[in-house]
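Those sequence lines, one after another, are chains E and R.
Residue 2 in my numbering sits at position 1 of the first sequence, and the numbers go up by one each step.
Residue 654 in my numbering sits at position 51 of the second sequence, and the numbers go up by one each step.
All C-beta atoms, glycine included, are put in the ideal place defined by N, C-alpha and C.
Model, not experiment: these values are computed from the prediction.
Comments concern the structure below.
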Amino acid sequence: MMIWTVAAPAISAAFLSSLVEAVEALTIVLAVGTVRGWRPAGLGALVGLVLLALIVLALGPLLDRVPLHLLQLAIGVLLLLFGIRWLRKAILRAAGVIPLHDETIAYAAETAQLREQQRRYKARLDWLAALASFKAVVLEGLEVVFIVIAVGAGRGLIIPASIGAIAACVLVAGVGFAVHQPLARVPENALKFTVGVMLSAFGVFWIGEGIGVPWPGEDMAIIAFAALFLLVALVAVALARRRGTEALR
Amino acid sequence: MSALMSLLRQLAGLFVDDGWLAFAILCIIALAVVLALLTPRLSLAAGAVLLFGCLGVLLVNVIRAAQHERGL
Numbered sequence: 002m003m004i005w006t007v008a009a010p011a012i013s014a015a016f017l018s019s020l021v022e023a024v025e026a027l028t029i030v031l032a033v034g035t036v037r038g039w040r041p042a043g044l045g046a047l048v049g050l051v052l053l054a055l056i057v058l059a060l061g062p063l064l065d066r067v068p069l070h071l072l073q074l075a076i077g078v079l080l081l082l083f084g085i086r087w088l089r090k091a092i093l094r095a096a097g098v099i100p101l102h103d104e105t106i107a108y109a110a111e112t113a114q115l116r117e118q119q120r121r122y123k124a125r126l127d128w129l130a131a132l133a134s135f136k137a138v139v140l141e142g143l144e145v146v147f148i149v150i151a152v153g154a155g156r157g158l159i160i161p162a163s164i165g166a167i168a169a170c171v172l173v174a175g176v177g178f179a180v181h182q183p184l185a186r187v188p189e190n191a192l193k194f195t196v197g198v199m200l201s202a203f204g205v206f207w208i209g210e211g212i213g214v215p216w217p218g219e220d221m222a223i224i225a226f227a228a229l230f231l232l233v234a235l236v237a238v239a240l241a242r243r244r245g246t247e248a249l250r
Numbered sequence: 604m605s606a607l608m609s610l611l612r613q614l615a616g617l618f619v620d621d622g623w624l625a626f627a628i629l630c631i632i633a634l635a636v637v638l639a640l641l642t643p644r645l646s647l648a649a650g651a652v653l654l655f656g657c658l659g660v661l662l663v664n665v666i667r668a669a670q671h672e673r674g675l
């Protein structure tokens, strides 16, 4: 039976993180489609999606063979490194230490690069354009696959987490292709902040489960960890702003 | 070949952005694992080390990064 205290954070973590990754992939696929046409853009994206599906199909049966405690520990370590990396970046962006990620700028940079390639390598351009689209889908998609496996594998929640991820990808693809513009209005840093908090909380929880820590409240501990990570992250934003201002003086 | 290397570098970059932060987190995890193995009765203490260690490392790293970025 699905335990909602674990399933709800797992599904929302998969949905929100996939939303961020899908927006980033869409920006590049749109740039390729606009500069070089939709054939290489679509082909690259499709081959990328097929490769991702093959990776999931290959990894799924392998995960069943790994002892649960080892799996929880390994996934916990990767999840914690991944989540804290996102959270650190989101804190520094929220504090104004590093600039916010802007899809409009990313789109302009990708378009300029493709136009330059068009000028220099006219004959090979379809391949290069398809490759750019493929690379974007695979790299961003691998993050989605990792998050789905990481938040879902320890408690048999791969399918609910996958549904969350697929829903986000379909939503972004639908909106993106309807408006034919990068989705610059998506509050990417707020999403990354939230996902960083959730993934870090999951990471600590799984590592603890892997080494036999009897967490008080069992699965409910994830929510408490997320609240603690959120609190520390908000304090970190305030301190980073203040320390940054002091350093400027 | 260079495309493959770039892909591998980007894959590693999924988990490691700031080397110091990743190293510190791995040290905290190792400490928690050792504590849990040596004192199974006090494994909750290992959990506390893990949780508060990670929170502390994150806080220190962000403050250092802010000072470093703005101090340049």
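Between the C-alpha atoms of Ala166 (chain E) and Ala107 (chain E) there is a straight-line separation of about 23 Å.
Taking a C-beta cut-off of 8 Å against chain E, the contacting residues of the region 626 to 645 of chain R are Ile628, Leu629, Ile632, Ala635, Val636, Ala639, Leu640 and Pro643, listed in chain order. In the same chain as Ala668 (chain R), and ignoring 5 residues on each side of it, no C-beta atom comes closer than 6 Å to its own. Residue burial annotation: Leu69 (chain E) is exposed, with fewer than 16 other C-beta atoms found within 10 angstroms of its C-beta. Between Thr195 (chain E) and the set E:Ser163, E:Gly209 and E:Phe230, the nearest pair of CA atoms involves E:Phe230. When secondary structure is reduced to three states using DSSP, Ala154 (chain E) falls in the helix class.
Around the Cβ of Gln73 (chain E), a 10 Å sphere holds 16 or more other Cβ atoms; the residue is buried. Interface annotation, Leu611 (chain R): not in contact with chain E, CB-CB separation never under 8 Å. If you draw a straight line from the Cα of Glu141 (chain E) to the Cα of Ile148 (chain E), it comes to about 11 Å.
Counting the other CB atoms within 10 Å of its CB gives Gly38 (chain E) a total below 16, which places it among the exposed residues. The three-state reading of DSSP puts Leu101 (chain E) in coil, since its state is none of H, G, I, E or B. A distance of 8 Å or more separates the beta carbons of Trp207 (chain E) and Gly61 (chain E). Around the beta carbon of Ala46 (chain E), 16 or more other beta carbons lie within 10 angstroms, which makes this residue buried.
In the structure shown, Thr642 (chain R) adopts coil according to DSSP, grouped into three states. A distance below 8 Å between beta-carbons, with the five flanking residues on each side excluded, links Leu101 (chain E) to the following residues of its chain, in chain order: Arg94, Glu189 and Asn190.
Residue-level contact by beta carbon fails for Gly622 (chain R) and chain E, as no gap is shorter than 8 Å. At a C-beta separation below 8 Å, Leu81 (chain E) has these neighbours in chain R: Ile628, Ile632 and Cys657. Straight-line spacing of the CA atoms in Pro643 (chain R) and Arg66 (chain E) works out to 26 Å. For Phe226 (chain E), the residues of chain R that pass the 8 Å Cβ criterion are Leu654, in the order they occur in the chain. Proximity to Ile632 (chain R) across E:Glu104, E:Thr28, E:Arg242 and E:Glu210 peaks at E:Glu210, based on C-alpha coordinates. When the beta-carbon positions are compared, Ala42 (chain E) and Val33 (chain E) come within less than 8 Å of each other. Think of a sphere of 8 Å around the beta carbon of Lys90 (chain E): the chain R residues whose beta carbon falls inside it are Asp620, in chain order.
When 8 Å is used as the limit between beta carbons, Val24 (chain E) is near no residue of chain R, the shortest such separation being about 17 Å. Ranked by how close their Cα comes to the Cα of Leu629 (chain R), the residues E:Arg86, E:Leu44 and E:Ala23 have E:Arg86 in first place. The Cβ atoms of Leu658 (chain R) and Leu88 (chain E) do not sit closer than 8 Å to each other. Apart from the 5 residues on each side of it in sequence, Ser163 (chain E) sits with its Cβ closer than 6 Å to the Cβ of Val149 in its chain, given in chain order. Distance from the Cα of Gly650 (chain R) is smallest, within the candidate group R:Leu634, R:Val663 and R:Val665, for R:Leu634.
Across the structure, His671 (chain R) and Val665 (chain R) are spaced so that their CA atoms are roughly 10 Å apart.
DSSP, read as helix, strand or coil, puts Phe618 (chain R) in coil. Out of E:Leu143, E:Leu31 and E:Ile99, the CA that lies nearest to the CA of Leu53 (chain E) is found in E:Leu143. Relative to Leu115 (chain E), the option among E:Thr35, E:Ile224 and E:Glu25 whose CA is nearest is E:Thr35.
Gly213 (chain E) belongs to the set of residues whose beta carbon lies under 8 Å from a beta carbon in chain R. Ala96 (chain E) has its alpha-carbon roughly 25 Å from the corresponding atom of Ala110 (chain E).
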